[in-house]
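Trainee: Residue numbers (the working numbering), protein chains in the order written: chain A, 20 to 264; chain B, 20 to 264. Quick reminder that beta carbons are idealized off the backbone N, C-alpha and C, glycines included.
Number of protein chains: 2
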Amino acid sequence: MSYEKYVILENPDPAQAAEFIRLSWRRYVIVIFARSMVTYRGRAASRLDWDDHLIIIKPDGTLLVHGPTKRDPINWQPPGCTVTSMERDNVLVIRSRRPRPREEVVIDCNPIYVILAVDIRRGLFRMYGTESWMISIVMRHPELIEDGFVPIAREHQTKYGIIDLLGRDREGNIVICEFKRRMADVQHVAQLALYVDTFPRPKGARVRGILVAPGISDKALLALKEKGLEYRRLNHATLMKYAEG
Amino acid sequence: MSYEKYVILENPDPAQAAEFIRLSWRRYVIVIFARSMVTYRGRAASRLDWDDHLIIIKPDGTLLVHGPTKRDPINWQPPGCTVTSMERDNVLVIRSRRPRPREEVVIDCNPIYVILAVDIRRGLFRMYGTESWMISIVMRHPELIEDGFVPIAREHQTKYGIIDLLGRDREGNIVICEFKRRMADVQHVAQLALYVDTFPRPKGARVRGILVAPGISDKALLALKEKGLEYRRLNHATLMKYAEG
DNA sequence: AAATACATTTCGAGA
DNA sequence: TCTCGAAGTGTATTT
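1) What does DSSP give as the partner residues of B/ASN94 in its beta bridges?
2) Let me check understanding here. Comparing Cα to Cα, which of A/ARG62, A/LEU67, A/HIS72 and A/CYS128 lies closest to A/PRO97?
3) Run through the stretch 177–258 of chain A for me and flag every whole beta strand (DSSP E) of 3 or more residues, listed as ranges in chain order.
4) Taking C-alpha atoms, which residue in B/ALA242, B/SER104 and B/ALA64 lies nearest to B/ILE76?
5) Look up B/PRO78 in the DSSP assignment and say whether it is helix, strand or coil.
6) Short check: CB of A/ALA34 to CB of A/GLU106, under 8 Å?
7) Where do the ends of the beta strand (DSSP E) carrying B/SER155 lie?
8) Below 7 Å between beta carbons is the criterion; list the residues of the stretch 240–252 of chain A that meet it against any residue of chain B, in chain order.
9) Under a Cβ-count criterion, where at least 16 other Cβ atoms within 10 Å of its own Cβ denotes burial, should A/GLU162 be classed as buried or exposed?
10) Closest by CA to B/VAL157, which one among B/ARG41, B/ARG251 and B/TRP44?
11) Is DSSP giving A/ALA36 helix, strand or coil here?
12) For the stretch 69–83 of chain A, which residues have a CB atom closer than 8 Å to at least one CB atom of chain B, in sequence order?
13) Out of A/CYS100, A/GLY223, A/ILE51 and A/ASN109, which has the shortest C-alpha to C-alpha gap to A/ARG121?
14) On a Cα-Cα basis, can you pick out the residue from A/VAL137, A/LYS246 and A/GLU29 that is closest to B/LEU213?
15) Tell me whether the beta-carbon of B/ALA136 lies closer than 8 Å to the beta-carbon of B/TYR22.
16) Below 9 Å between beta carbons is the criterion; list the residues of the stretch 163–195 of chain B that meet it against any residue of chain A, in chain order.
17) State yes or no: is the C-beta of A/PRO233 within less than 8 Å of the C-beta of A/LEU211?
18) Compare the Cα-Cα distances from A/LYS24 to each of B/ARG159, B/PRO130, B/ASP138 and B/VAL169 and report the closest residue.
19) Give the DSSP-derived three-state secondary structure of A/TYR261 in the structure shown.
20) What residue from B/LEU28, B/LEU42, B/PHE39 and B/TYR261 has the CA that sits closest to B/ILE154's CA?
21) Are the Cβ atoms of A/PHE168 and A/ASP188 separated by less than 8 Å?
22) Residues of chain A with CB closer than 8 Å to the CB of B/ASP138, please, in chain order.
23) For the pair the stretch 174–188 of chain B and the stretch 78–91 of chain B, tell me if three or more CB-CB distances fall below 8 Å.
24) Would you list the one or two residues that DSSP bridges to A/PHE168?
25) Quick check on B/SER21: does DSSP put it in helix, strand or coil?
26) When the Cα atoms are used, what is the spatial distance from B/GLY264 to B/VAL208?
27) How long is the line joining the alpha carbons of A/VAL110 and B/LYS244, rounded to whole angstroms?
28) Who pairs with A/LEU111 in a beta bridge, going by DSSP?
29) Beta-carbon of B/ILE93 versus every beta-carbon of chain A: anything under 8 Å?
30) Cα separation between A/SER115 and A/ILE195?
31) Hey, how far is the Cα of B/GLY248 from the Cα of B/LEU230?
32) Which of helix, strand or coil does DSSP assign to B/LEU143?
33) Excluding sequence positions up to five away, which residues of its chain have a Cβ less than 6 Å from the Cβ of A/ILE235?
34) Please check if any C-beta of chain B sits within less than 8 Å of the C-beta of A/PHE52.
35) Examine chain B for any beta-carbon lying closer than 8 Å to the beta-carbon of A/SER65, and answer yes or no.
36) Please report the straight-line C-alpha distance between A/ILE27 and A/SER43, rounded to a whole angstrom.
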């Protein structure tokens, strides 16, 4: 098979299609438009009845079955799976196997309207505004937590998990900070409460817990107060001001 | 534009492509293979440099930009967004706007290798093995928790969240059950601990907390014991035996 | 519309 | 390889 930027097959018969997929799936991203039926067995199980779906097979073993709506595929297989294709009873059968956990997706296709194989690349990708970006800025501007706050350790390991930011307040109390890049909820309060409850209590000092987020739900605020914890509002816009200068 | 099951455009010029997308995006799922550059601004921000990517536009306003690997798109826009397309400086510019939260994805394309428009449908879909399926089976077979366990309420509302299953043991103690369909971790223990800590304590009875899951992480088990909570192993295979008969 | 919790979550970092 | 926690999480359900 010589190199082409893309290859189109219109109305291939199942045997032709099976052969084409076998030869090209490690080199091309394959897009298949066909009437199809999908069964999945693994961590759960599902069945998608016959209709016209869009199937995508990537060189890394990713498999996607898309419907006409929604961001997420109806069925899928993550990277690392093995794809096989064959013709049986005039039906194209695509099988994707995942070793661990043991999962399988089987797609029957008939008829096959179009197969498009494309040579995709990934351009350089950069992302801004994540949680670790938040913490980096607070490390450089501790007063964003409160006056006198002194960071001790970022990502402090405990028996029960990692504390985002550990520090001390001006009175020498331990301060445990839990960061969220979006609205904080009860789960996040529960997590902070666990850290504070189980942190080794130093003599003559308290252990404070502060939830740092751009917002907090009513229930979460209630739980926070009940557990004697604190909330520090910190939003994207404020952080942006400290980002460069 | 007359109805076709699918339409293929090879090497369209940007103006042609823009026109085609404008006319067909509410009726077809559009698959575009083009050299492209993507910028995203919204809850966060990102930039994907020029390279050959796969772009999918669905009739519900979903937008996907896929690379050669991974299950998830590099950039995307969820259902409900508005797509516009235009030609500018011989570049196809696709713009997707989401009203709330206010987010925008802009894709510049040049050259455009192929555009494929397909009429996709979604077949009937059924799923098995979810968490609510687990709880339903335990409701009918309370002995799966322990002998003498009596369910009181499924999805019991508290101030801080919903308890999956509330019941009593043979000695009349309150039992709070938290279900997980997969390996339980510290987060889940933290959540259960919060429910138990804040549950109204009845006179002369204890409040027990049981985490019901097919497995539990070491850290989670440690935290569970520290908080005096319990773990009941319950896997998929066991539940399947009780599913029908 | 806002809140809440599940998901075949996926993905990446660290041990 | 496994564990743990973030994510522009998405998605359905309920208020």
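Mentor: Checking against the coordinates, here is how it stands:
1) B/VAL84
2) A/ARG62
3) 180–187, 193–198, 226–232 and 249–252
4) Looking at B/ALA242, B/SER104 and B/ALA64, the one whose alpha-carbon comes closest to that of B/ILE76 is B/SER104.
5) coil
6) yes
7) Unbroken run through B/SER155 is the alpha helix (DSSP H), 150–159; no beta strand (DSSP E).
8) LEU241, ALA242 and GLU245
9) exposed
10) B/ARG251
11) Reduced to three states, the DSSP call for A/ALA36 is helix.
12) TRP69, ASP70, ASP71, HIS72, LEU73, ILE75, LYS77, PRO78, ASP79, THR81 and LEU83
13) A/CYS100
14) Selected option, being the one with the closest Cα: A/LYS246.
15) no
16) The stretch 163–195 of chain B vs chain A, Cβ under 9 Å: LYS178, TYR179 and GLY180.
17) no
18) Checking every option, the nearest Cα to that of A/LYS24 belongs to B/PRO130.
19) Helix at A/TYR261.
20) B/TYR261
21) yes
22) Per Cβ cutoff of 8 Å: ASP71.
23) In this structure the stretch 174–188 of chain B does not lie against the stretch 78–91 of chain B, because fewer than three pairs of beta carbons, one per stretch, are closer than 8 Å.
24) Beta-bridge pairing links A/PHE168 to no other residue.
25) coil
26) Residue confidence for B/GLY264 is low, a pLDDT of 47 falling below 50, so the modelled location carries little weight and cannot support an answer.
27) 55 Å
28) A/GLU106 and A/CYS128
29) yes
30) 46 Å
31) Note that residue 248 of chain B is Leu in the sequence shown, not Gly. Their backbone Cα atoms lie some 8 Å apart in a straight line.
32) Here B/LEU143 carries a coil assignment [DSSP, helix/strand/coil].
33) ALA203 and TYR250
34) yes
35) yes
36) 12 Å
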